[in-house]
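Report on the structure given below.
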């Protein structure tokens with residue numbers, strides 16, 4: 002009876018239950034992953050990159066989700082859960098996910114003979130734990146800062162946050178291999194697992210991407226947005242929530258009090274209206290440009306039209322936007338938090354995320370003389386070289402190497 006209910010809830014798009022050996026081409030393993038809903042942001046981009054990397058290397062990928070995943074491939078199978086609630090962020094929808102995801106994962110894992118469960122976050126590892134342990138399969142979990150830095154962003158009561166944290170710990174304990182994006186997360190995970198076992202916790206930082214497609218030149222993009230050619234342009238990008246701490250950039254801009262220094266904010270989120278009101282209140286309206294979400298091409302073009310990328314988050318895994326800025330050759334400075342420190346090093350490219358005056362001083366110093374600016378750019382060029390590697394190849398190795406079809410070797 003339970004199987005019939007679960008089968009009704011699942012929308013298998015273009016897919017029927019069958020043995021994947023009937024699919025043309027050589028398959029090295031079958032994996033099941035999940036993504037609650039697809040949204041804008043670097044983490045979702047990396048998730049799609051991971052799926053595509055595995056498909057390119059002969060892995061059959063099954064994905065459990067509530068919304069479409071933008072991947073098309075003969076060996077990619079999307080299993081969408083259907084709930085009658087319109088709001089996927091509502092309490093009812095989230096409660097249903099917590100109840101049904103583990104059972105649906107168990108059913109899919111059994112029917113599709115899943116070799117490895119891939120959890121893109123510790124909460125997903127918790128949801129997969131039942132299926133992983135029951136089927137005696139393996140599980141790889143990618144930790145991107147969610148169980149350490151993101152709980153304060155969840156709008157629930159303290160008790161609920163404590164419960165979510167415990168679920169994350171259970172997910173980690175059920176994982177055979179954990180990939181982390183920065184050293185601080187690695188130490189935290191090892192402490193939780195109580196292990197020094199080599200290969201159990203693996204460092205996988207994000208990589209520096211290269212510009213793709215045609216990028217507009219500096220003059221053309223500045224003319225598009227009405228930015229004077231002589232202006233010094235700061236830029237930041239990402240989801241606008243409290244943790245991203247964009248407010249400190251507005252405060253620093255207010256301290257600098259120089260109409261020639263402008264700020265571009267690319268992205269959207271729950272704090273956008275508040276930030277726009279702050280800019281109006283502090284009379285920064287003509288110096289701050291809120292552009293919302295941009296295409297990859299437009300963002301790269303804006304990087305080419307800017308002078309300095311500033312990342313002000315209070316907590317990070319490893320910011321993709323900063324790596325994209327480095328990849329475009331744009332100098333960067335960032336807040337002194339794990340992830341950003343991994344990228345920029347523990348030096349003068351960092352600032353305290355709570356000190357607007359110090360940040361204002363740092364920005365003013367960088368633009369005070371050409372030698373100062375070139376020194377920052379040279380440091381950033383050197384740091385970028387550390388993250389110039391094939392991320393797709395690395396993520397595929399982490400998922401596929403060292404596992405047999407019966408589990409961990």
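In the working numbering, the protein residues as written are 2 to 410. Positions of the beta carbon are idealized from the N, C-alpha and C atoms, including for glycine.
(Q) Judging by CA-CA distance, which residue of 145, 113 and 97 is the nearest neighbour of residue 128? (A) By one-based count along the chain shown, residue 128 stands at place 127. For the residues 145, 113 and 97, the minimum Cα distance to residue 128 belongs to 97.
Q | Extent of the continuous beta strand (DSSP E) run through residue 61 | A | Mapped onto the chain shown, residue 61 falls at position 60. Annotation: the continuous beta strand (DSSP E) that includes residue 61 extends over 60 to 66.
Q.
With distance defined between alpha-carbon atoms, name the residue in 268, 93, 252 and 33 nearest to residue 66.
A. Indexing the chain shown from 1 puts residue 66 at position 65. Residue nearest to residue 66 within the set 268, 93, 252 and 33 is 33 (criterion: CA-CA distance).
Q) For the stretch 100 to 152, which segments carrying the beta strand (DSSP E) assignment without a break, of at least 3 residues, lie completely within its bounds, in sequence order? A) For the stretch 100 to 152, whole beta strand (DSSP E) runs of length 3 or above, ordered along the chain, are 117 to 120 and 139 to 144.
(Q) Our contact map puts residue 102 next to residue 54 with C-beta atoms below 8 Å; I'd like the distance itself, whole angstroms only. (A) Mapped onto the chain shown, residue 102 falls at position 101. Mapped onto the chain shown, residue 54 falls at position 53. The beta-carbon separation of residue 102 and residue 54, rounded to 24 Å, does not stay under the 8 Å limit for a contact.
**Q.** Three CB pairs or more closer than 8 Å across the stretch 163 to 179 and the stretch 277 to 297
**A.** No, they do not touch.
Q: Using 10 angstroms around the beta-carbon of residue 1, count the other beta-carbons present and answer buried if the total reaches 16, otherwise exposed.
A: Any question about residue 1 goes unanswered here, given that the chain covers just 2 to 410.
**Q.** At least three beta-carbon pairs within less than 8 Å, the stretch 255 to 262 to the stretch 330 to 347
**A.** Segment contact: the stretch 255 to 262 against the stretch 330 to 347, fewer than three CB-CB distances shorter than 8 Å; contact not assigned.
**Q.** Where the beta strand (DSSP E) through residue 377 begins and ends
**A.** For this step, residue 377 is matched to residue 376 along the chain shown. That residue, residue 377, is in no beta strand (DSSP E); its alpha helix (DSSP H) goes 371 to 386.
Q | Status (buried if at least 16 other CB within 10 Å, exposed otherwise) for residue 80 | A | The count along the chain shown starts at 1 and reaches residue 80 at position 79. With a 10 Å radius around the Cβ and a threshold of 16 neighbouring Cβ atoms, residue 80 comes out buried.
Q) Do residue 268 and residue 301 have their C-beta atoms within less than 8 Å of each other? A) By 1-based counting over the chain shown, the position of residue 268 is 267. By 1-based counting over the chain shown, the position of residue 301 is 300. A distance of 8 Å or more separates the beta carbons of residue 268 and residue 301.
Q.
Between residue 309 and residue 222, how many whole angstroms is the CB-CB distance? I'm expecting something under 8 Å.
A. If you number the chain shown from 1, residue 309 lands on position 308. If you number the chain shown from 1, residue 222 lands on position 221. With a Cβ gap of about 16 Å, residue 309 and residue 222 do not count as contacting.
**Q.** Assigned exposure category for residue 206 - 16 Cβ within 10 Å defines buried
**A.** The residue labelled residue 206 in the question sits at position 205 within the chain shown. So residue 206 counts as buried.
Q) Hey, out of 384, 365 and 112, whose CA is closest to residue 348's CA? A) On the chain shown, position 347 is the one that residue 348 refers to. Nearest of 384, 365 and 112 to residue 348, Cα basis: 384.
Q. From residue 19 to residue 109, what distance separates their C-alpha atoms?
A. On the chain shown, position 18 is the one that residue 19 refers to. On the chain shown, position 108 is the one that residue 109 refers to. Low local confidence applies: a pLDDT of 35 at residue 19 is under 50, so the model's placement there is unreliable, and no value is given.
**Q.** CA-to-CA distance, residue 182 to residue 24, given in whole angstroms
**A.** As a first step, residue 24 must be located in the chain shown, where it is residue number 23. As a first step, residue 182 must be located in the chain shown, where it is residue number 181. Note that residue 24 has pLDDT 40, beneath the 50 cutoff, so the model's placement of it is unreliable and the number below is only indicative. C-alpha separation (whole angstroms): 34 Å.
**Q.** Closest Cα partner of residue 132 within the set 115, 203, 123 and 142
**A.** Here residue 132 refers to the residue found at position 131 of the chain shown. Answer by Cα proximity: 115.
Q) Is the stretch 333 to 342 touching the stretch 389 to 403, taking contact as three or more C-beta pairs under 8 Å? A) No, they do not touch.
Q.
Using a Cβ-Cβ cutoff of less than 6 Å, which residues in the same chain neighbour residue 319 once the five nearest sequence positions on both sides are dropped?
A. Along the chain shown, one-based indexing puts residue 319 at 318. For residue 319, where only same-chain residues beyond five positions count, the Cβ hits under 6 Å are 182, 183, 206, 207 and 340.
Q: Go to residue 262, then tell me how far its alpha helix (DSSP H) extends in each direction, as first and last residue.
A: Numbered from 1 along the chain shown, position 261 holds the residue referred to as residue 262. Per DSSP, residue 262 belongs to no alpha helix (DSSP H); it is in the beta strand (DSSP E), 262 to 267.
Q: Keeping to the same chain, check which residues put their C-beta closer than 7 Å to that of residue 345; ignore five residues upstream and five downstream.
A: Residue numbering aside, residue 345 sits at position 344 when the chain shown is read from its first letter. If you ignore the 5 residues before and after residue 345, its C-beta comes within less than 7 Å of the C-beta of 333, 335, 351 and 384, all in its own chain and listed in chain order.
Q) Out of 78, 130 and 119, which has the shortest C-alpha to C-alpha gap to residue 99? A) Translated into positions along the chain shown, residue 99 becomes position 98. For the residues 78, 130 and 119, the minimum Cα distance to residue 99 belongs to 130.
Q.
Tell me the rounded alpha-carbon separation between residue 62 and residue 48.
A. Locating residue 62 in the chain shown gives position 61, where the first residue counts as 1. Locating residue 48 in the chain shown gives position 47, where the first residue counts as 1. Spanning the alpha carbons of residue 62 and residue 48 requires a straight line of approximately 12 Å.
Q.
Assuming residue 35 is part of the alpha helix (DSSP H), what are its boundary residues?
A. Indexing the chain shown from 1 puts residue 35 at position 34. In the DSSP assignment, residue 35 falls outside any alpha helix (DSSP H) and lies within the beta strand (DSSP E) extending over 30 to 36.
Q: Between the Cα of residue 280 and those of 387, 304, 379 and 250, spot the shortest distance and give me the residue it belongs to.
A: Along the chain shown, one-based indexing puts residue 280 at 279. The option with the nearest alpha carbon to residue 280 is 250.
Q: State buried or exposed for residue 78, treating a residue as buried only when at least 16 other CB atoms are found within 10 Å of its CB.
A: Counting from 1 along the chain shown, the entry for residue 78 is found at position 77. Counting every other CB atom within 10 Å of its CB across the protein chains shown gives residue 78 a total of 16 or more, marking it as buried.
Q: Can you tell me which of the three DSSP states residue 330 falls into?
A: Along the chain shown, read from residue 1 onward, the residue named residue 330 stands at position 329. Coil.
Q: May I ask which residues mark the beginning and end of the alpha helix (DSSP H) holding residue 366?
A: For the purposes of this step, residue 366 is identified with residue 365 of the chain shown, where counting begins at 1. In the DSSP annotation of this structure, the continuous segment of the alpha helix (DSSP H) that includes residue 366 starts and ends at 357 to 367.
(Q) In whole angstroms, give me the CA-to-CA distance for residue 74 and residue 29. (A) In the chain shown, the residue the question calls residue 74 occupies position 73. In the chain shown, the residue the question calls residue 29 occupies position 28. In this structure, the straight-line span from the alpha carbon of residue 74 to that of residue 29 is close to 16 Å.
Q) Does DSSP classify residue 280 as helix, strand or coil? A) Reading the chain shown from its first residue, position 279 is the one you call residue 280. Helix at residue 280.
Q: Could you tell me which uninterrupted alpha helix (DSSP H) segments, each at least 4 residues in length, are contained entirely in the stretch 221 to 270, listed from first to last along the chain?
A: Complete alpha helix (DSSP H) runs here, min 4: 248 to 257.
Q.
Measuring only the C-alpha atoms, how far is residue 195 from residue 256?
A. For the purposes of this step, residue 195 is taken as residue 194 along the chain shown, with counting starting at 1. For the purposes of this step, residue 256 is taken as residue 255 along the chain shown, with counting starting at 1. Answer to the nearest angstrom: the Cα atoms are 46 Å apart.
Q: Could you tell me which residues DSSP puts in a beta bridge with residue 351?
A: Reading the chain shown from its first residue, position 350 is the one you call residue 351. Note: residue 351 sits in a beta bridge opposite 335.
Q | Range covered by the beta strand (DSSP E) that runs through residue 300 | A | Here residue 300 is taken as the residue at index 299 of the chain shown, counted from 1. Premise fails: residue 300 lies in the alpha helix (DSSP H), 297 to 306, not in any beta strand (DSSP E).
Q. If we count the other Cβ atoms within 10 Å of its Cβ and call it buried at 16 or more, is residue 187 buried or exposed?
A. On the chain shown, position 186 is the one that residue 187 refers to. It counts as buried.
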